[in-house]
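The sequence shown begins at 111 in the working numbering and counts up one residue at a time. Comments concern the structure below.
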Amino acid sequence: MTSPTPGQDGAAAAAPPAEPDWEEQVARLLRRPENLRSVYQPIVDLRSGACVGYEALTRVAEWPARSPEPWFIAASRTGLSAQLEAAALLTSLRGRAEMPREHFLTVNVTPVTLTHTSVTEVLLDQGDLRGLVAELTELEPVVGEGAHASALAGLRERGLMVATDVVEGGVTELERVTAVRPDLIKVDRRLVKGVHADPVRDRFVRLLVTMANEMGAAVLAEGVEALEDARFLQFVGVRMAQGWLFGRARPGFLPPSGEVTEWLRAAWEENVTLTRVGRLAVPLARVGEPGNPDGWLADVDGLGRLRALVGAGGNVTVPASTVVRLRSSQDLRSAAHRVLVAGPQRRPHGLVVVVDDEGRFVGLVDADVLLREVVTGADAGPPDVVVVD
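So, in structure tokens, the structure goes:
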């Protein structure tokens, strides 16, 4: 997130009214926590377009259209951070029972408050913490060690998931992210806006997706406002996103835009078609079919599974077990990697077998064609987005 302060969704922090007594403002808010409000922004799966979760964001009744940042800054200066965070957290979690089932909820927490009983008690009172994600909004060096790490580990044992922000992508920031080993990595809006047309951010987001995959984490992009950026993020493997394109933060758990949901689903189907092995597969005639087909024939069993490849003249037979197999739904890059790792002995005559997800024979791919598609960048980027008014 752009700001490390809990409860942000990109609302600009405005200058407070003329020199208020912020210490008194915070104290008054803590005396009347009912003046805290929670709004919820939908989080969508970029492949299906379905809503999978929400982020809870804090608002103050006296300042509903503005960022609550001044209150949290003042609370930090007066030693009341934990108390204010606990009050905001409690307000956010009260609405959890109304959230659609099978959805997750992210809430903002600064790591330093995890050792304060006022915050941990709010979390522990929830009982089962599965489906709850604590977004650590400030990654200080202490978060990976000592009492903070112990507190976080205890909460994770109860089912709490952890998210961290990547704001600038510096080495120190990434080191702190890897120390936490989050379940979810959130990419800040500053890295997301215009990413489809920025080669540097393009490359960084791809590397971040690779790093997340190696850690077993998912990537969520924040502040998505343009279809072009959503299409790019979908293409490079970012699984989830939130932003005004899908829906603004509102009271209650409102679904994302139905129009955008349908667009995402259609875009993903197009992505699968363009960047999957099945696009390159060449079907073969079956052994025993009438006619005199040229080239290779497929000897398949009653279930459609390949037993062997047979030369058209019947003089050459290649057992299916000796040829590397790829799924038609597999992406081109991982397929090329598999072919190279398998070695030339597993691609006799330069051929690779393609099967569907049930193991039925689909066709053959020339290994050189597959590798050339990847090397020449045939799947280096998504097709252009065309928006028709």
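Don't be surprised by glycine CBs; every beta carbon is placed ideally from N, CA and C. Computed from a predicted model, the values in this text were never measured in an experiment.
Of the listed residues 396, 424, 415, 379, nearest to residue 439 (C-alpha basis) | Counting from one through the sequence shown, the residue named residue 439 turns up at place 329. Taking only the C-alpha atoms, the option nearest residue 439 is 379.
Is the beta carbon of residue 465 less than 9 angstroms from the beta carbon of residue 436?
-> Taking the sequence shown and counting its residues from 1, the one referred to as residue 465 is at position 355. Taking the sequence shown and counting its residues from 1, the one referred to as residue 436 is at position 326. Against a cut-off of 9 angstroms, the Cβ pair of residue 436 and residue 465 comes out as a contact.
Neighbourhood of residue 329 by C-beta, 7 angstroms cutoff - its chain only, sequence neighbours within 5 removed | Taking the first residue of the sequence shown as 1, we reach residue 329 at position 219. Taken in chain order, the residues that qualify are 295, 297, 318, 319, 322, 348, 349.
Less than 9 angstroms separating the beta-carbons of residue 164 and residue 226?
-> Position 54 of the sequence shown, counted from the first residue, corresponds to residue 164. Position 116 of the sequence shown, counted from the first residue, corresponds to residue 226. With contacts defined as CB atoms closer than 9 angstroms, residue 164 and residue 226 fail to qualify as a contacting pair.
Residue 352 versus residue 332: straight-line alpha-carbon distance, rounded = Indexing the sequence shown from 1 puts residue 352 at position 242. Indexing the sequence shown from 1 puts residue 332 at position 222. For residue 352 and residue 332, the distance between alpha carbons rounds to 5 angstroms.
Kindly indicate which three-state DSSP category residue 148 falls into: helix, strand or coil?
-> Your numbering for residue 148 matches position 38 in the sequence shown. Strand, per DSSP.
CA-CA distance, residue 158 and residue 316?
-> On the sequence shown, residue 158 is found 48 positions in, with the first residue counted as 1. On the sequence shown, residue 316 is found 206 positions in, with the first residue counted as 1. When rounded, the distance between both Cα atoms is 20 angstroms.
Proximity to residue 200 [Cα-Cα], best of 208, 211, 182, 228 | To locate residue 200, count along the sequence shown from 1; it is residue 90. Nearest C-alpha to residue 200: 228.
Measuring alpha carbon to alpha carbon, tell me which of 194, 375, 369 ends up nearest residue 345.
-> Along the sequence shown, one-based indexing puts residue 345 at 235. The closest CA to that of residue 345, considering only 194, 375, 369, is found on 375.
Distance between residue 476 and residue 430 (C-alpha atoms, nearest Å) = Counting from 1 along the sequence shown, the entry for residue 430 is found at position 320. Counting from 1 along the sequence shown, the entry for residue 476 is found at position 366. Computed Cα separation, rounded: 15 angstroms.
Quick one: what does DSSP say residue 294 is sitting in, helix, strand or coil?
-> Here the question's residue 294 lines up with position 184 in the sequence shown. Strand, per DSSP.
In whole angstroms, what separates the C-alpha of residue 240 from that of residue 269?
-> Translated into the one-based positions of the sequence shown, residue 240 becomes position 130. Translated into the one-based positions of the sequence shown, residue 269 becomes position 159. Their Cα atoms are separated by approximately 4 angstroms.
Tell me whether residue 455 is buried or exposed, calling it buried when 16 or more other Cβ atoms sit within 10 Å of its Cβ.
-> Here residue 455 is taken as the residue at index 345 of the sequence shown, counted from 1. When all chains shown are included, residue 455 counts as exposed.
Measuring alpha carbon to alpha carbon, tell me which of 358, 215, 290, 478 ends up nearest residue 460.
-> Translated into positions along the sequence shown, residue 460 becomes position 350. Of the listed residues, the one whose Cα sits closest to residue 460 is 478.
Residues in its own chain within less than 7 angstroms of residue 207 by CB, not counting five upstream and five downstream?
-> As a position in the sequence shown, residue 207 is number 97, starting the count at 1. Answer for residue 207: no residue qualifies.
Does DSSP put residue 409 in a helix, in a strand, or in coil?
-> Here residue 409 refers to the residue found at position 299 of the sequence shown. Here residue 409 sits in strand by DSSP.
Could you spell out the range, first to last residue, of the beta strand (DSSP E) harbouring residue 425?
-> Within the sequence shown, residue 425 is the residue found at index 315, counting from 1. Here residue 425 belongs to no beta strand (DSSP E), and DSSP marks it neither H nor E.
Opening and closing residue of the alpha helix (DSSP H) in which residue 437 lies = The residue given as residue 437 occupies position 327 in the sequence shown. First-last for residue 437: 435 to 437, but that is the beta strand (DSSP E), not the alpha helix (DSSP H).
Provide the residue(s) that pair with residue 322 in DSSP beta bridges, ordered along the chain.
-> The residue given as residue 322 occupies position 212 in the sequence shown. DSSP output for residue 322 lists no bridge partner at all.
Please report the Cβ distance between residue 366 and residue 154, rounded to the nearest whole angstrom; I am assuming they are in contact, meaning their Cβ atoms lie under 8 angstroms.
-> Stepping through the sequence shown from its first residue, residue 366 is reached at position 256. Stepping through the sequence shown from its first residue, residue 154 is reached at position 44. The pair is a contact, with the Cβ atoms about 5 angstroms apart (cut-off 8 angstroms).
With a threshold of 16 other CB atoms inside 10 Å of the CB of residue 381, please say whether the residue is buried or exposed.
-> Counting from one through the sequence shown, the residue named residue 381 turns up at place 271. Buried, since its Cβ has 16 or more Cβ neighbours within 10 Å.
Which value, in whole angstroms, describes the spacing of the CA atoms of residue 340 and residue 448?
-> Taking the sequence shown and counting its residues from 1, the one referred to as residue 340 is at position 230. Taking the sequence shown and counting its residues from 1, the one referred to as residue 448 is at position 338. Going from the Cα of residue 340 to the Cα of residue 448 covers about 29 angstroms.
To the nearest angstrom, how far is it from the Cα of residue 394 to the Cα of residue 472?
-> Stepping through the sequence shown from its first residue, residue 394 is reached at position 284. Stepping through the sequence shown from its first residue, residue 472 is reached at position 362. Their Cα atoms are separated by approximately 8 angstroms.
Pick out the complete alpha helix (DSSP H) segments inside the region 155 to 204, 4 residues or longer, and give them in chain order.
-> 179 to 187, 191 to 204
Using the beta-carbon count (16 or more within 10 Å), is residue 412 buried or exposed?
-> Within the sequence shown, residue 412 is the residue found at index 302, counting from 1. By the neighbour-count rule (16 or more Cβ atoms within 10 Å), residue 412 is not buried but exposed.
Go through its chain and collect everything with a Cβ distance to residue 417's Cβ below 7 angstroms, but skip five positions before and after it.
-> Looking up residue 417 in the sequence shown gives position 307. 409, 410, 411, 430, listed in sequence order.
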